[in-house]
Ligand SMILES: NC(=O)c1ccc[n+]([C@@H]2O[C@H](COP(=O)([O-])OP(=O)(O)OC[C@H]3O[C@@H](n4cnc5c(N)ncnc54)[C@H](O)[C@@H]3O)[C@@H](O)[C@H]2O)c1
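Residue numbers (the UniProt record's numbering): 1 to 351.
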């Protein structure tokens with residue numbers, strides 16, 4: 001007589017959102033609407049900043065890149081993202097940034113979601129940038145320069161159109177093929193797309209400058225003379241020790257806004273400054289505790305590195321889409337014996 005192998009219990013199952021599911025969710029909702037909704041989730045979590053456990057992300061550096069874990073918890077849920085950053089990857093046909101993440105129930109520690117986060121990171125980064133720009137960019141901003149036209153580029157452009165009212169995006173990349181790709185993808189987005197042959201041409205007339213390049217070095221994507229009065233800089237690509245995009249003189253002329261200072265001082269543009277240099281936490285601006293843009297002529301800089309709370313918000317958002325979209329499968333991910341102590345017996349009965 002053969003004994004039947006135990007089948008996984010209901011408690012063993014964790015919803016898994018694959019890349020294909022994520023694309024189904026994005027295309028079903030629409031990327032502009034989804035980033036607008038993500039920005040609302042992120043903003044809501046920034047408004048309860050003090051209720052989160054916070055730590056600089058845990059980074060494992062190598063010569064070619066970094067692998068990072070980004071955990072946080074609000075006491076009810078716990079979330080983390082695994083993410084890499086390898087600027088040389090693109091040359092070998094790999095993505096610079098890939099990610100996946102988990103959301104768990106703090107009460108019993110069981111995961112409630114496992115999801116791809118490569119696409120989701122691009123969406124949440126753009127949503128965060130545009131949300132910050134609502135508080136920091138000039139109200140009249142209609143033109144954005146986009147320097148670096150890789151994986152993040154189109155998401156940034158679409159989020160700034162949806163949330164900030166940008167109408168024209170001026171593209172520049174050292175690789176013209178990247179600019180041509182972005183221009184192609186943005187056709188029909190409602191944005192006026194202007195491919196440029198130099199950084200100088202790209203920033204001409206732009207009230208917002210987004211730098212979104214990938215290079216593992218202290219790069220100088222913007223020099224001081226390229227940044228005029230009143231501009232808002234959305235600096236995305238300087239996000240690791242030894243990896244920056246802006247000349248130090250620009251930082252000295254700017255009002256600097258950051259996510260979590262303890263992490264940004266290690267990874268952001270401000271690693272070039274004295275550790276005591278004054279910065280403003282974005283959540284305080286959102287709460288009305290600190291001013292955002294004060295004058296038409298000041299230069300504002302969002303020194304973005306990407307913080308765990310943004311990923312937590314994105315994980316919450318995707319969890320909330322599961323029932324409505326059905327875009328997931330149940331993964332037999334947790335060993336869950338009928339008798340919680342009989343893990344060994346469960347393994348033996350499966351033989
Ligand atoms: N702050 C955040 O939250 C956050 C989130 C995601 C990614 N990032 C960072 O953003 C950057 C871009 O990410 P990606 O996924 O788009 O990378 P990617 O490799 O797909 O694209 C980067 C682009 O930058 C271009 N580039 C490199 N040096 C340049 C220069 N000197 N001038 C103009 N263009 C240049 C490359 O040709 C490439 O097209 C990376 O550095 C990544 O680490 C930050």
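By construction, the Cβ of each residue, glycine as well, lies at the ideal position given by its N, Cα and C atoms.
Keep in mind it's a predicted model, so treat the numbers as computed, not measured.
One thing to note: residue 143 has its Cβ within 9 Å of the Cβ of residue 208.
About 7 Å separates the Cβ atoms of residue 82 and residue 101, confirming a contact at the 8 Å cut-off.
Secondary structure of residue 191 (DSSP, three-state): coil. In this structure the segment 174-185 does not touch the segment 113-122; the number of beta carbon pairs closer than 8 Å is below three. Rounded to the nearest angstrom, the gap between the Cα atoms of residue 202 and residue 165 is 18 Å. Taken through DSSP and simplified to helix, strand or coil, residue 46 comes out as helix.
The residue from 275, 231, 46 with its alpha-carbon nearest to that of residue 296 is 231. About 5 Å separates the Cβ atoms of residue 191 and residue 161, confirming a contact at the 8 Å cut-off. For residue 35, the Cβ stays outside the 8 Å cut-off from all heavy atoms of ligand 1. Counting along the chain, the unbroken beta strand (DSSP E) around residue 60 starts and ends at 58-61. Taking every protein chain shown into account, the CB of residue 87 has 16 or more other CB atoms within 10 angstroms, so this residue is buried. DSSP lists 77 as the beta-bridge partner residues of residue 105. The count of Cβ pairs closer than 8 Å, one atom from the segment 333-351 and one from the segment 39-46, stays below three, leaving the stretches out of contact. The C-beta of residue 263 has 16 or more other C-beta atoms within 10 Å across all chains shown, which makes the residue buried. When DSSP states are grouped into helix, strand and coil, residue 70 belongs to the strand group. Taking C-beta atoms as the reference points, residue 148 and residue 212 count as a pair closer than 9 Å. By the neighbour-count definition (other C-beta atoms within 10 Å, threshold 16), residue 343 is an exposed residue.
In the structure shown, residue 341 adopts coil according to DSSP, grouped into three states. Residue environment for residue 217: exposed (fewer than 16 other C-beta atoms within 10 angstroms of its C-beta). The beta carbon of residue 128 is closer than 6 Å to those of 42, 310 in its chain, skipping five residues each way along the sequence.
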